[in-house]
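K.L.:
Let me give you the structure first, and then I'll get to my questions.
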Amino acid sequence: MNDPGVTRVAVYIDFDNIVISRYDQVHGRGQFQRDKVRAFDRADKAADPEVAEKLRRATVDVGAMIDFASSFGTLVLTRAYADWSDPVNADYRGQLVSRAVDLVQLFPTAAYAKNGADIRLAVDAVEDMFRLPDLTHVVIVAGDSDYVPLAQRCRRLGRYVVAVGVAGSTSRALAAACDELVTYDALPGITPAEAPEPAARRTAAARAERQEPGSVPAARASRRTRRPAAADPDSEDPQELATRLLVRALRLGQEKDDADWLHSSAVKSQMRRMDPSFSERALGYRSFSDFVKSREGVAELDETNPARLIRLNPATAAQ
Numbered sequence: 015m016n017d018p019g020v021t022r023v024a025v026y027i028d029f030d031n032i033v034i035s036r037y038d039q040v041h042g043r044g045q046f047q048r049d050k051v052r053a054f055d056r057a058d059k060a061a062d063p064e065v066a067e068k069l070r071r072a073t074v075d076v077g078a079m080i081d082f083a084s085s086f087g088t089l090v091l092t093r094a095y096a097d098w099s100d101p102v103n104a105d106y107r108g109q110l111v112s113r114a115v116d117l118v119q120l121f122p123t124a125a126y127a128k129n130g131a132d133i134r135l136a137v138d139a140v141e142d143m144f145r146l147p148d149l150t151h152v153v154i155v156a157g158d159s160d161y162v163p164l165a166q167r168c169r170r171l172g173r174y175v176v177a178v179g180v181a182g183s184t185s186r187a188l189a190a191a192c193d194e195l196v197t198y199d200a201l202p203g204i205t206p207a208e209a210p211e212p213a214a215r216r217t218a219a220a221r222a223e224r225q226e227p228g229s230v231p232a233a234r235a236s237r238r239t240r241r242p243a244a245a246d247p248d249s250e251d252p253q254e255l256a257t258r259l260l261v262r263a264l265r266l267g268q269e270k271d272d273a274d275w276l277h278s279s280a281v282k283s284q285m286r287r288m289d290p291s292f293s294e295r296a297l298g299y300r301s302f303s304d305f306v307k308s309r310e311g312v313a314e315l316d317e318t319n320p321a322r323l324i325r326l327n328p329a330t331a332a333q
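The working numbering numbers the first residue of the sequence shown as 15 and each following residue consecutively.
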């Protein structure tokens, strides 16, 4: 390692794994296959609105995963592995590209659509360990036990290994092979998934809806008017984006350091790692302290300490 004080992070995302696991977590084990989601195209006029709504509810927050990885240090490389021609994956391409994620294209090599992400990801990761000897951390976004040998090898090579998996779909063996394992629901900014509705109750509800001729169920009608899960960052208010960025950075710092008050410089560095375009001056503030003061509804600044400390407003922290 070049400088023991510098942390450099590599992130590897088995995108199919995380999308399928999240869908099954929200809607029930095996539901991704039963709903034939892989080929589902919400832009198709004949697309089932119920499946579209189920996909919306199971949307994966790409930003939350990458922000969490950045809390360990500078992101040197971030790769996501999937068949990006599948509509369910293609919907995320814009978000991933906007976060400078390298999209690795995989093609199914068998009738059951196994794309070999685990093998390709592992080969790339081990190669990177030798090609980039200054890497200090490896973040694997997947829960398969297939990644146990990779985690063990990375640790033997002196890297700190973190896994991010979906609760209920993450192998205990993988948890034991890593230095740290975090469930997707536990990431800052993620609303934990509710337990999936029992199949019998879903069937009864569907039967009740069909028994009302000539009417559109209110629940289904309301689904069609809801906004998409992910908004275009370019169309949002820069001030609001900056506020959310500050809150995420504070949540990450507090969970990582187990402390309420954080150093102002550390918080700003974390915000810059999550969004390199962040600049308090571009937002109209002379200093980072002025920026934080303007967000007194979500953050508190302690200027009595020479280091200047920041914490989440208790009301915000409780949400």
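Every residue gets a Cβ at the ideal spot worked out from N, C-alpha and C, and that includes glycine.
Keep in mind that this is a model prediction, so the values were computed, not measured.
What residues in its chain sit with their C-beta under 7 Å from that of P242, if we drop five residues either side in the sequence?
P.N.:
Unreliable positioning characterises P242 in this predicted model, as indicated by a pLDDT of 39, which lies under 50. A coordinate reading is not provided.
K.L.:
Straight-line CA distance for A273 to G182?
P.N.:
Approximately 29 Å, taken between the alpha carbons.
K.L.:
Would you say the segment 49 to 64 touches the segment 88 to 95, given that touching needs at least three Cβ pairs under 8 Å?
P.N.:
Flag = no, the segment 49 to 64 and the segment 88 to 95 do not touch.
K.L.:
Return the first residue and the last residue of the alpha helix (DSSP H) that R4 is part of.
P.N.:
An answer regarding residue 4 cannot be provided, because it is not within the stretch 15 to 333 covered by the chain.
K.L.:
Using a Cβ-Cβ cutoff of less than 6 Å, which residues in the same chain neighbour W275 once the five nearest sequence positions on both sides are dropped?
P.N.:
Cβ within range, chain order: L323, R325.
K.L.:
What does a CB cutoff of less than 7 Å around D160 pick up in its chain, not counting 5 residues either side in sequence?
P.N.:
Excluding sequence neighbours, D160 sits near D132.
K.L.:
In terms of alpha-carbon separation, which member of Q45, Q284, Y26 lies closest to V175?
P.N.:
Here the closest residue by C-alpha is Y26.
K.L.:
Helix, strand or coil for A37, going by three-state DSSP, please let me know.
P.N.:
For clarity, residue 37 is Tyr in the given sequence; the question names Ala instead. Helix.
K.L.:
Under a Cβ-count criterion, where at least 16 other Cβ atoms within 10 Å of its own Cβ denotes burial, should N103 be classed as buried or exposed?
P.N.:
Buried, because 16 or more other Cβ atoms sit within 10 Å of the Cβ of N103.
K.L.:
Rank G77, V20, V51, T21 by C-alpha distance to the C-alpha of I34 and give the top, closest one.
P.N.:
The shortest Cα separation from I34 among G77, V20, V51, T21 belongs to V51.
K.L.:
Which word fits V20, buried or exposed, when buried means at least 16 other C-beta atoms lie within 10 angstroms of its C-beta?
P.N.:
Exposed.
K.L.:
Is any heavy atom of the ligand MG found at a distance shorter than 8 Å from the C-beta of R56?
P.N.:
This structure simply doesn't include the ligand MG, nor any ligand for that matter.
K.L.:
Helix, strand or coil, according to DSSP, for Y174 in the structure here?
P.N.:
Three-state result, Y174: strand.
K.L.:
For G87, which of A263, V140, F29, F54 has the nearest alpha-carbon?
P.N.:
Measuring from the Cα of G87, the nearest candidate turns out to be A263.
K.L.:
For the segment 21 to 68, list the alpha helix (DSSP H) runs that are entirely contained and at least 4 residues long, ordered along the chain.
P.N.:
Counting whole runs of 4 or more residues, the segment 21 to 68 contains the alpha helix (DSSP H) stretches 29 to 41, 45 to 48.
K.L.:
Starting from the Cα of P122, find the closest Cα among D116, V115, G130 and give me that residue.
P.N.:
The shortest C-alpha separation from P122 is found at G130.
K.L.:
Within a Cβ cutoff of 8 Å, which residues of the same chain sit near Q284, ignoring the five residues on either side of it in sequence?
P.N.:
So the list reads S84, S85, A263, L266, G267, once near-sequence residues are dropped.
K.L.:
Is R22 near D105, with beta carbons less than 9 Å apart?
P.N.:
Result no, Cβ atoms of R22 and D105 do not sit closer than 9 Å.
K.L.:
May I ask you to list the residues that DSSP assigns as paired with V180?
P.N.:
DSSP lists no partner for V180.
K.L.:
In three-state DSSP terms, what is E141?
P.N.:
Note: E141 maps to helix in three-state DSSP.
K.L.:
For the alpha helix (DSSP H) that Q326 lies in, which residues bound it at each end?
P.N.:
In the sequence as presented, Gln is not what sits at residue 326; that position holds Leu. From DSSP, L326 is part of no alpha helix (DSSP H) but of the beta strand (DSSP E) over 323 to 326.
K.L.:
Identify whether V115 lies in helix, strand or coil by the three-state DSSP scheme.
P.N.:
Note: V115 maps to coil in three-state DSSP.
K.L.:
Cα-Cα, which of G157, A331, D100, H151 is closest to S185?
P.N.:
Residue G157 is the option with its Cα nearest to S185.
K.L.:
Tell me the DSSP secondary structure of A6 in three-state form.
P.N.:
There is simply no residue 6 to check, as the chain begins at 15 and stops at 333 in what is shown.
K.L.:
Can you tell me whether V312 is helix, strand or coil according to DSSP?
P.N.:
Coil.
K.L.:
For a test of the three-state rule: what should DSSP assign to Y299, helix, strand or coil?
P.N.:
Coil, per DSSP.
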